[in-house]
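Novice: Before anything else, here's the structure in question.
Written as structure tokens, this is what we have:
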């Protein structure tokens, strides 16, 4: 059971005086059942996994889905390589945050003349992935994957004006595709480390297919019947790398980097409004012309020393420096709760651990 109270603003005539708070209270069981079966078959250098899952969902709407799942892998021992491919049919139930409120007729009283409500259905989609794992030069391991995802009734969130109250919504479809690669060196001449790269493109297509929209949001949702826009997690390029070198058996040094091209954002006002609200330091890290956060590059370093080692106790000293370039890391701008997600600034830590 959840009780929600909020005060309506701008939805009633001005001569009404102070608006009365809108209070809502309701409860309903979320009924979900599932059955699945899965098996794995090994035949020489082939490995096949196949399964079938059935889900039933009943809260505001009733729906069900059958989800076949299949993966196949082929190993090539002489080449130290494994190729793999998988397919998943997905059935994702809507978020239950304020879902009863968004489906209630009572919410129409907030703005009786301007609202849009559509039934919120589970998301259904198809996930494809293929890739390889291989070892080369005896010590170097490469993992690479390509993926593509199609989702109908793609789930998202929408908020009421400048409040922290959000409702689950859905759009017609989303297509997300990308690639990932990682090179790992477990141990090579006192050196170990990894480097990873990911590329992702995510687009969401109008119109909205589920949820509640009020005031200007209702007008915008009703007007946007075509076209697409970037998904909130549409991070085009990401790079991570870390190298560790063992100087002597008890002492090691490590260095790391990370690079992100920046997520998209959707700010309701213009640059001057954002400048007045958040200040020049944060605004300098976003690009309003592209609607994206500017790229971020960070450097980190660590050092570790084994102070004492015996059969009964081990003492270890470690120093860490994060974001040594002291970049203002704007992760999310003008997000769901009208705020920003900011990464930590330059920091240092010293840790002494003892294991008995």
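Residue numbers (the UniProt record's numbering): 1 to 356. The beta carbon of each residue, even a glycine, is placed where N, CA and C say it ideally should be. In this text, all values refer to a predicted model and were calculated from it rather than measured experimentally.
1) Are residue 264 and residue 234 closer than 8 Å when you measure CB to CB?
2) Would you mind listing the alpha helix (DSSP H) stretches within the stretch 60 to 122 that are 4+ residues and don't spill past its ends, in chain order?
3) Evaluate contact between the stretch 90 to 100 and the stretch 131 to 148, counting only Cβ atoms and requiring at least three cross-stretch pairs below 8 Å.
4) Please report how far the alpha carbon of residue 39 lies from the alpha carbon of residue 174, in whole angstroms.
5) Throw me the rounded Cβ distance for the residue 351 and residue 318 pair, which I believe falls under 8 Å.
6) In the stretch 322 to 353, which residue ranges form an unbroken beta strand (DSSP E) of at least 3 residues, counting only runs that do not cross its ends?
7) Could you tell me the alpha carbon to alpha carbon distance between residue 90 and residue 145, rounded to whole angstroms?
8) Apart from the five residues on each side of it in sequence, which residues of its chain come closer than 6 Å, Cβ to Cβ, to residue 241?
9) Which residues does DSSP pair with residue 139 in a beta bridge?
10) What residue from 143, 330, 238, 153 has the CA that sits closest to residue 278's CA?
11) Consult DSSP for residue 253 and reduce its assignment to one of helix, strand or coil.
12) Tell me which residues share the same chain as residue 198 and place their Cβ nearer than 6 Å to its Cβ, disregarding the 5 neighbours each side in the sequence.
13) For residue 231 and residue 203, I'd like the C-alpha separation in whole angstroms.
14) Enumerate, from N- to C-terminal direction, the unbroken beta strand (DSSP E) stretches of 3 or more residues contained entirely within the stretch 145 to 193.
15) With a Cβ-Cβ cutoff of 8 Å, do residue 301 and residue 328 count as a contact?
16) Just to confirm the assignment, what range does the alpha helix (DSSP H) spanning residue 358 have?
17) By DSSP, does residue 215 sit in helix, in strand, or in coil?
18) Just the C-alpha distance for residue 86 and residue 178, rounded to the nearest angstrom, thanks.
19) By how many angstroms is the C-alpha of residue 236 removed from the C-alpha of residue 59?
20) From this set, 57, 65, 348, 120, which residue's C-alpha is nearest residue 88's C-alpha?
21) If distances are taken between C-alpha atoms only, which option among 176, 321, 165 comes closest to residue 148?
22) Just how far apart, CA to CA, sit residue 150 and residue 57?
23) In the DSSP assignment, what residue or residues form a beta bridge with residue 289?
24) Under 6 Å Cβ to Cβ from residue 213, same chain only, skipping five residues before and after it: list those, please.
25) Which residue wins for smallest C-alpha separation from residue 83, given the options 46, 70, 157?
26) Within the same chain, show all residues whose beta-carbon is closer than 7 Å to that of residue 41, passing over the 5 residues directly before and after it, in chain order.
27) With DSSP as the reference, label residue 281 as helix, strand or coil.
Specialist: Let me spell this out:
1) As a working mapping, residue 264 is identified with position 264 in the chain shown. As a working mapping, residue 234 is identified with position 234 in the chain shown. Their beta carbons are under 8 Å apart, which means residue 264 touches residue 234 by this criterion.
2) DSSP assignment within the stretch 60 to 122 yields the following whole alpha helix (DSSP H) runs of 4 residues or more, N-terminal first: 99 to 102.
3) Short answer: they don't touch.
4) For this step, residue 39 is matched to residue 39 along the chain shown. For this step, residue 174 is matched to residue 174 along the chain shown. Answer to the nearest angstrom: the Cα atoms are 30 Å apart.
5) Working through the chain shown from its first residue, we reach residue 351 at position 351. Working through the chain shown from its first residue, we reach residue 318 at position 318. About 5 Å separates the two Cβ atoms, so the contact holds.
6) Counting whole runs of 3 or more residues, the stretch 322 to 353 contains the beta strand (DSSP E) stretches 330 to 332.
7) Along the chain shown, one-based indexing puts residue 90 at 90. Along the chain shown, one-based indexing puts residue 145 at 145. The alpha-carbon atoms of residue 90 and residue 145 are separated by roughly 19 Å.
8) Indexing the chain shown from 1 puts residue 241 at position 241. For residue 241, where only same-chain residues beyond five positions count, the Cβ hits under 6 Å are 195, 257.
9) Within the chain shown, residue 139 is the residue found at index 139, counting from 1. In the DSSP output, where bridge partners are listed per residue, residue 139 has none listed.
10) Along the chain shown, one-based indexing puts residue 278 at 278. For the residues 143, 330, 238, 153, the minimum Cα distance to residue 278 belongs to 330.
11) Residue mapping note: residue 253 aligns to position 253 of the chain shown, counting from 1. It is a strand residue.
12) Taking the chain shown and counting its residues from 1, one reaches residue 198 at position 198. The beta carbon of residue 198 sits closer than 6 Å to the beta carbons of 180, 238 from its chain, once the five residues preceding and following it are set aside; these are given in chain order.
13) Here residue 231 corresponds to residue number 231 of the chain shown, with the count starting at 1. Here residue 203 corresponds to residue number 203 of the chain shown, with the count starting at 1. Rounded to the nearest whole angstrom, the C-alpha separation of residue 231 and residue 203 is 5 Å.
14) Inside the stretch 145 to 193, DSSP marks whole beta strand (DSSP E) runs of 3 or more residues at positions 166 to 188, from first to last along the chain.
15) Mapped onto the chain shown, residue 301 falls at position 301. Mapped onto the chain shown, residue 328 falls at position 328. No, the Cβ-Cβ distance between residue 301 and residue 328 is not below 8 Å.
16) Given a span of 1 to 356 for the chain in the structure shown, any question on residue 358 remains unanswerable.
17) For the purposes of this step, residue 215 is taken as the residue at position 215 of the chain shown. Residue state, collapsed to three classes: helix.
18) As a working note, residue 86 is residue 86 in the chain shown. As a working note, residue 178 is residue 178 in the chain shown. If I take the Cα positions, the gap works out to 15 Å.
19) Numbered from 1 along the chain shown, position 59 holds the residue referred to as residue 59. Numbered from 1 along the chain shown, position 236 holds the residue referred to as residue 236. When only Cα atoms are considered, residue 59 and residue 236 end up about 36 Å apart.
20) As a first step, residue 88 must be located in the chain shown, where it is residue number 88. Checked all of 57, 65, 348, 120; the closest Cα to residue 88 is 65.
21) Here the question's residue 148 lines up with position 148 in the chain shown. Of the candidates 176, 321, 165, 176 places its Cα closest to the Cα of residue 148.
22) Reading the chain shown from its first residue, position 150 is the one you call residue 150. Reading the chain shown from its first residue, position 57 is the one you call residue 57. Cα to Cα, the separation comes out at about 21 Å.
23) The count along the chain shown starts at 1 and reaches residue 289 at position 289. None; residue 289 has no bridge partner.
24) Counting from 1 along the chain shown, the entry for residue 213 is found at position 213. Only residues of its own chain outside the window of five on either side were considered, and among them 116, 221 have a CB closer than 6 Å to the CB of residue 213, listed in chain order.
25) Your numbering for residue 83 matches position 83 in the chain shown. Nearest option by C-alpha distance: 46.
26) Numbered from its first residue, the chain shown carries residue 41 at position 41. Result list for residue 41: 48, in chain order.
27) Numbered from 1 along the chain shown, position 281 holds the residue referred to as residue 281. If DSSP states are grouped into helix, strand and coil, residue 281 belongs with the helices.
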